[in-house]
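>
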Amino acid sequence: MLKFGLAVMNDFPPGVVPADRVALMREQVRAARESGISSIWVLQHYLGGMPTLQPLPLLAALAADAGDMRLGTNMFILPLRHPVAVAEEFSTLDHLTGGRAVAGFGMGYRENEFASFGVPMEDRRGRYEEAVELVRRLWSGERATFDGEHFRIDGERISLPPVQPGGPPIWVGAGPHRTGAQRAARLGDAWIVPPHVAPERLRTVLGHYREERERLGRGPSELVVRRELVLDHDRERARSIGVAARGALTRKYAEYNAPQKGEAYRHLRSGQAAEEVADASYLFTDPEGAIAALKALEADGLTYVILRAQWYELGQEQVLRTLEIFKNEVLPAFA
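Those letters in the sequence shown? Residues 2 to 336, per the working numbering, in order.
#1: Do you know offhand how far His-234's Cα is from Ile-171's?
#2: Mark Ala-65 as exposed unless 16 or more other C-beta atoms lie within 10 angstroms of its C-beta, in which case mark it buried.
#3: Since Val-231 contacts Ile-154 with CB under 8 Å, what's their CB separation in whole angstroms?
#4: Here's the rule: buried if 16 or more other CB atoms are within 10 angstroms of the residue's CB, otherwise exposed. What is Ser-160?
#5: May I ask which residues mark the beginning and end of the beta strand (DSSP E) holding Thr-180?
#6: The beta strand (DSSP E) spanning Arg-216 covers which residue range?
#7: May I ask you to report which of helix, strand or coil DSSP gives Tyr-305?
#8: Under the assumption that Phe-115 contacts Arg-125 (Cβ atoms under 8 Å), give the Cβ distance between them as a whole number of angstroms.
#9: In chain order, which alpha helix (DSSP H) runs of at least 4 residues are fully inside the segment 8-91?
#10: Evaluate Pro-121 with the Cβ neighbour count: other Cβ atoms within 10 Å of its Cβ, from every protein chain shown; 16 or more gives buried, anything less gives exposed.
#11: Please report the Cβ distance between Gly-105 and Gly-174, rounded to the nearest whole angstrom; I am assuming they are in contact, meaning their Cβ atoms lie under 8 Å.
#12: Is Leu-81 near the ligand NAP, going by C-beta to nearest heavy atom under 8 Å?
#13: Name the two residues that bound the continuous alpha helix (DSSP H) containing Trp-140.
#14: Between Ala-32 and the rest of its own chain, which residues show a CB-CB distance below 7 Å, the 5 nearest in sequence each way excluded?
#15: Report the option in Ala-88, Ala-102, Pro-19 and Ser-241 whose CA atom is closest to the CA atom of Glu-134.
#16: Which residues share a DSSP beta bridge with Arg-144?
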């Protein structure tokens, strides 16, 4: 059965005071819980033009509203942090949520973040891979010795072993290409594919992921994709609302992104490209259109879809309307 998560907006337009939005975020989480959505996700960025609530304290604050939903990061920028701190902090979240944390780890891509942390961009892959390995060793609860290029510890044991044996599942963020798919298959317990990947491309990269998992003898995993969601009974109105709100976020993000050279960020370059991506990949539609698109993903073997229903200045009323339509008219098709 296809499962669903909700990515809650935790980066806001310039001038917004996030403290004023916390009650609205809690309301969204409760609405998602009542809709049968099984997880909540928040993102991470530093230093950008949008005030951003950091993910781990935010997820801890939302845990009571989430009930028995899982709480994950999409994505935590792993190369910018020391894995000892990461292991302890995610373990803390695991305790505060009763063993419901998911560690979504990404490599990051904004040059100003890496420059400000004093981490060379060219080191991010090596730091990422070493950090995943060391975090897993620490989460085992056993004494760990690690002598890598970037990180070293000598016979240390984590002070707070996670509630979940072996620690929270690690869901990898990686680009939608063969190298990213293989990295996710090797390092992660699942791969979260970005939302702009069109269905045909999605089938191709998931094939690379499955092949690598099989080659490594790692067995099947959740197959996860992100999708943007606006629902309305008028399909064109849903598209108009979604394209306007998502496009505003895209333009703001493009001010801070690394140079737009890779396929992963081609969707940021122009309004026309953004509309093409929306039509190919996003769910800005009516309930019937959403069911058809999600059924197609399910037929391709996807097991988990993380939905985002709010960007930039899109209001609370529209988010709650989308979640209500999803609960009443979309989710029953996947019961």
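Idealized CB from N, CA, C, for every residue including glycine.
It should be emphasised that the depicted structure is a prediction, and the values quoted were computed from it without experimental measurement.
This is what the structure gives:
#1: Counted from its first residue, the sequence shown places residue 234 at position 233. Counted from its first residue, the sequence shown places residue 171 at position 170. One C-alpha to the other measures close to 37 Å.
#2: Taking the first residue of the sequence shown as position 1, residue 65 is located at position 64. By the 10 Å Cβ count, Ala-65 comes out exposed.
#3: Within the sequence shown, residue 231 is the residue found at index 230, counting from 1. Within the sequence shown, residue 154 is the residue found at index 153, counting from 1. That belief does not hold up - the Cβ atoms of Val-231 and Ile-154 are roughly 46 Å apart, past 8 Å.
#4: For the purposes of this step, residue 160 is identified with residue 159 of the sequence shown, where counting begins at 1. Answer is exposed; the Cβ neighbour count stays below 16.
#5: Translated into the one-based positions of the sequence shown, residue 180 becomes position 179. Premise fails: Thr-180 lies in the alpha helix (DSSP H), 179-188, not in any beta strand (DSSP E).
#6: On the sequence shown, residue 216 is found 215 positions in, with the first residue counted as 1. No beta strand (DSSP E) holds Arg-216; the alpha helix (DSSP H) holding it covers 200-217.
#7: To locate residue 305, count along the sequence shown from 1; it is residue 304. It is a strand residue.
#8: In the sequence shown, the residue the question calls residue 115 occupies position 114. In the sequence shown, the residue the question calls residue 125 occupies position 124. Indeed they touch by this definition, with Cβ atoms about 7 Å apart.
#9: 23-35 and 56-67
#10: What you label residue 121 is simply residue 120 of the sequence shown in a count that begins at 1. So Pro-121 counts as exposed.
#11: Position 104 of the sequence shown, counting from 1, holds the residue named residue 105. Position 173 of the sequence shown, counting from 1, holds the residue named residue 174. Correct: roughly 6 Å between the Cβ atoms.
#12: For the structure depicted, the ligand NAP is absent and the ligand set is empty, with no information on it obtainable.
#13: Position 139 of the sequence shown, counted from the start, is the residue given in the question as residue 140. 125-140 is the extent of the alpha helix (DSSP H) around Trp-140.
#14: Here residue 32 is taken as the residue at index 31 of the sequence shown, counted from 1. Answer for Ala-32: Leu-321 and Leu-324, listed in chain order.
#15: Counting from 1 along the sequence shown, the entry for residue 134 is found at position 133. Checked all of Ala-88, Ala-102, Pro-19 and Ser-241; the closest Cα to Glu-134 is Ala-88.
#16: Within the sequence shown, residue 144 is the residue found at index 143, counting from 1. For Arg-144, which the question treats as bridged, DSSP gives no partner whatsoever.
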